[in-house]
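Heads up, the thing below is written out as structure tokens.
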Amino acid sequence: MSEQRQIHEHLVETRRNGVAVLRVNRESALGALSRGMVEALGSYLEDLRVDDEVRVLVLTGTGRGFVAGADINEYSEVSRAAFDGYQRLSLEVFERLTRLPQPAVAAVNGYALGGGFELALCCDFVVASTAARFGLPEVKLGLLPGGGGTVRLTRLIGAPRAKELVLTGRRMDGAEAERMGLVTSVVEPAELMPTALALAEGIADQAPLAVREGKRLVDDGLESGLGAALLREQQSLSWLYTTEDAREGVAAFLEKREARFLGR
Ligand code: DAK
Numbered sequence: 001m002s003e004q005r006q007i008h009e010h011l012v013e014t015r016r017n018g019v020a021v022l023r024v025n026r027e028s029a030l031g032a033l034s035r036g037m038v039e040a041l042g043s044y045l046e047d048l049r050v051d052d053e054v055r056v057l058v059l060t061g062t063g064r065g066f067v068a069g070a071d072i073n074e075y076s077e078v079s080r081a082a083f084d085g086y087q088r089l090s091l092e093v094f095e096r097l098t099r100l101p102q103p104a105v106a107a108v109n110g111y112a113l114g115g116g117f118e119l120a121l122c123c124d125f126v127v128a129s130t131a132a133r134f135g136l137p138e139v140k141l142g143l144l145p146g147g148g149g150t151v152r153l154t155r156l157i158g159a160p161r162a163k164e165l166v167l168t169g170r171r172m173d174g175a176e177a178e179r180m181g182l183v184t185s186v187v188e189p190a191e192l193m194p195t196a197l198a199l200a201e202g203i204a205d206q207a208p209l210a211v212r213e214g215k216r217l218v219d220d221g222l223e224s225g226l227g228a229a230l231l232r233e234q235q236s237l238s239w240l241y242t243t244e245d246a247r248e249g250v251a252a253f254l255e256k257r258e259a260r261f262l263g264r
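Going by our numbering, 234 is the number at position 234 of the sequence shown; the sequence numbering is gapless.
The following block contains the structure:
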């Protein structure tokens, strides 16, 4: 691993082989997100968006906490305007993660609750340790999810199961989340980072433009009609065919060697 870079008091980044690992390092509060952390995450993602060196992002936590939601201390006794301001900021940052051109993997080590679960849902893949716990406990606070919990989760697992989680606030483990199709694999804690990194590096090795287009096509395809989505897929493929990387990929196959992709 390369040297650690401190993004914020509680956010640390390391990089290797085109993969950036961003670790939420606030075990004393199980990774709860303060406003300052959300702001720092927002500027980090803004920079990452145009950083061609990074091909995949892995997001993880520390100890028992992935992210146990928004910092509830900051929810107490603030004005409605300040509360709304925090919600707007979070929404913008969560959207930035969803729209990140590079794929993102959530490596969920512990509690992923409220905003923490929603943050994982903004990633393209979720890998969970057997210690992971997912849930939307906002109803227990007299609130509701504000980071896509009622919307994104419903699209992924359907209305009845989403309502059950939103309205009871109960927690589920990785195995149950995997059965629902939210998690790609559940592994022992010691295997979490190796598994997430193997997935990330397996993607980082592929042609960067094709990877970015692939992510965008799947996401956009979910939000538009079949005809328009199929047309966009054809247009993307036609464009990719003109790239240097596609020429290199085909040549490498025919010459029986590894391709060297340059992202153009
Ligand atoms: N905020 C602040 N501190 C927290 C915290 C949180 N969310 N979760 C845990 N902690 C702190 C605890 O206060 C405790 O601190 P000390 O007392 O030691 O100082 C320490 O972490 C360890 O927690 P516990 O002592 O409670 O540990 P346990 O093992 O007994 O219980 C637990 C673990 C995770 C089940 C429990 O801590 C818990 O229920 N935590 C609260 C989880 C929660 O309700 N989270 C949802 C918050 S609302 C939006 C985006 C996001 C959001 C909203 C809008 N937009 C895009 C608009 C998000 C909203 C939320 O997440």
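All C-beta atoms in this analysis are idealised placements derived from N, C-alpha and C, irrespective of residue type, glycine included.
Every value quoted in this text rests on a predicted model; they were computed, and no experiment measured them.
Backbone secondary structure at residue i - three-state DSSP
i: residue 277; result: Given that the chain is displayed from residue 1 to residue 264, the structure contains no residue 277 and the question cannot be resolved.
i: residue 14; result: strand
i: residue 26; result: coil
i: residue 50; result: coil
i: residue 125; result: strand
i: residue 32; result: coil
i: residue 20; result: strand
i: residue 250; result: helix
i: residue 43; result: helix
i: residue 259; result: coil
i: residue 90; result: helix
i: residue 187; result: strand
i: residue 160; result: helix
i: residue 142; result: coil
i: residue 38; result: helix
Anticipated Cβ contact below 8 Å, residue i with residue j, distance rounded
i: residue 9; j: residue 89; result: That pair is no contact at about 18 Å.
i: residue 49; j: residue 101; result: 6 Å
i: residue 240; j: residue 213; result: 6 Å
Endpoints, the beta strand (DSSP E) within which residue i is located
i: residue 60; result: 56-60
i: residue 173; result: 171-173
i: residue 133; result: 133-135
i: residue 66; result: 65-67
i: residue 105; result: 104-108
i: residue 112; result: 111-113
Extent of the continuous alpha helix (DSSP H) to which residue i belongs
i: residue 211; result: 208-223
i: residue 204; result: 192-204
i: residue 154; result: 152-157
i: residue 70; result: Counting along the chain, residue 70 falls outside any alpha helix (DSSP H), and DSSP gives it neither H nor E.
i: residue 233; result: 226-241
Any chain C beta carbon closer than 9 Å to residue i
i: residue 52; result: No chain C is part of this structure, which consists of one protein chain only.
TODO: Count the CB pairs spanning the segment 102-112 and the segment 66-81 that are closer than 8 Å, and state whether there are at least three.
DONE: Counting C-beta pairs with one atom in each stretch, the segment 102-112 and the segment 66-81 have three or more that are closer than 8 Å, which means they touch.
TODO: Say whether the segment 110-119 touches the segment 132-151, bearing in mind that this needs 3 or more beta-carbon pairs closer than 8 Å, one atom from each stretch.
DONE: Yes, since at least three Cβ pairs between the segment 110-119 and the segment 132-151 fall closer than 8 Å, the two stretches touch.
- [ ] Could you tell me whether the segment 191-208 touches the segment 160-177, where touching means 3 or more Cβ pairs closer than 8 Å?
- [x] The segment 191-208 is not in contact with the segment 160-177.
TODO: Flag this pair as touching only if the segment 147-156 and the segment 200-218 have three or more C-beta atom pairs under 8 Å; answer yes or no.
DONE: Fewer than three pairs of CB atoms, one per stretch, sit closer than 8 Å, so the segment 147-156 makes no contact with the segment 200-218.
Open item on the list: Measuring CB atoms only, is the segment 176-183 touching the segment 125-135, in the sense that at least three cross pairs come out at less than 8 Å?
Closed with: Counting Cβ pairs under 8 Å, three or more are found: they touch.
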